[in-house]
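Sequential numbering of the sequence shown, starting at 10, is according to the numbering used here.
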Amino acid sequence: MQWSQLKNRIESTFAVSIKGRIEIWSTRYRRAVHQYGESWITFDKQKIATMGTLRFEGARYDTARLNGFPWVEAVQAVHDQGIFDSRDLNSALFSYLSLSIDDALESNNPIIQAFAILDRRFGKRRLADFDVQGAHPLVQSFYMVRCQAEGFDLTRRMGFNPPTQVGTPQDAG
Numbered sequence: 010m011q012w013s014q015l016k017n018r019i020e021s022t023f024a025v026s027i028k029g030r031i032e033i034w035s036t037r038y039r040r041a042v043h044q045y046g047e048s049w050i051t052f053d054k055q056k057i058a059t060m061g062t063l064r065f066e067g068a069r070y071d072t073a074r075l076n077g078f079p080w081v082e083a084v085q086a087v088h089d090q091g092i093f094d095s096r097d098l099n100s101a102l103f104s105y106l107s108l109s110i111d112d113a114l115e116s117n118n119p120i121i122q123a124f125a126i127l128d129r130r131f132g133k134r135r136l137a138d139f140d141v142q143g144a145h146p147l148v149q150s151f152y153m154v155r156c157q158a159e160g161f162d163l164t165r166r167m168g169f170n171p172p173t174q175v176g177t178p179q180d181a182g
């Protein structure tokens with residue numbers, strides 16, 4: 010499936026309150042070594058998440074080298090920090106299309122969980138009862154966006170201040 014088809018299929022699952030306000034973007038640097046790329050998600054034309062291959066690979070290398078982690082554990086540690094590869098987004102979106110909303114919410118992949126919160130199948134009552142305390146920062150960020158779009162009072166619902174943008178250099182420190 011081409012990127013434009015995947016993007017359209019994912020964006021067609023969004024709740025009415027955010028449809029047209031959330032957009033998924035992706036680019037590949039074809040002349041670069043290994044065709045690295047970057048993906049980002051915007052809400053009302055403001056970036057709320059970025060996922061870049063170069064930043065991910067650098068963080069994975071540093072985590073493995075500095076902490077002595079095996080390569081696979083370094084990937085998980087970098088994901089836990091909110092740093093993802095653009096390829097992570099693509100594979101998560103492909104997987105998301107075949108999942109029920111319950112399976113998506115129970116997924117171990119925070120990208121899949123985050124997109125489940127934006128899904129129209131994730132209704133307002135379920136959104137109101139959903140607990141994001143302890144969830145991945147990406148999930149918290151998407152929850153905040155959806156609540157804002159639905160007109161929910163975030164100060165009453167959330168006892169924390171989730172990041173406004175996930176995957177940016179200031180979050181990595």
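Think of the CB as a built atom: it goes at the ideal place given N, C-alpha and C, for glycine as much as any other residue.
For residue i, the nearest candidate out of the options (CA to CA)
i, options, result
"K54", "V154, D128 and I19", "V154"
"V1", "F23, V81, A58 and D112", "Residue coverage of the chain in this structure runs from 10 to 182, which leaves residue 1 outside it and unanswerable."
"F93", "D140, E159 and W49", "W49"
"R37", "S95, Q157 and I110", "S95"
"N117", "H145, S109 and F151", "H145"
"I19", "G77, E82 and L108", "L108"
"I126", "S150, F103 and S104", "S150"
Residues bridged to residue i (per DSSP)
i, result
"S35", "S48"
"M60", "S48"
"D128", "F23"
"Q14", "None; Q14 has no bridge partner."
Cβ-based burial, residue i [other Cβ within 10 Å; buried from 16]
i, result
"E47", "buried"
"L106", "exposed"
"H61", "Per the sequence presented here, residue 61 reads as Gly, with His not at that position. G61 should be labelled buried."
"V141", "buried"
* Okay, do the region 83-93 and the region 12-31 touch, 3+ Cβ pairs below 8 Å being the bar? -> no
* To do: Count the C-beta pairs between the region 136-150 and the region 28-40 that are closer than 8 Å, then say yes if the count reaches three, no if not.
  => no
* Looking at C-beta atoms only, is the number of pairs between the region 120-134 and the region 66-74 that lie closer than 8 Å three or more? -> no
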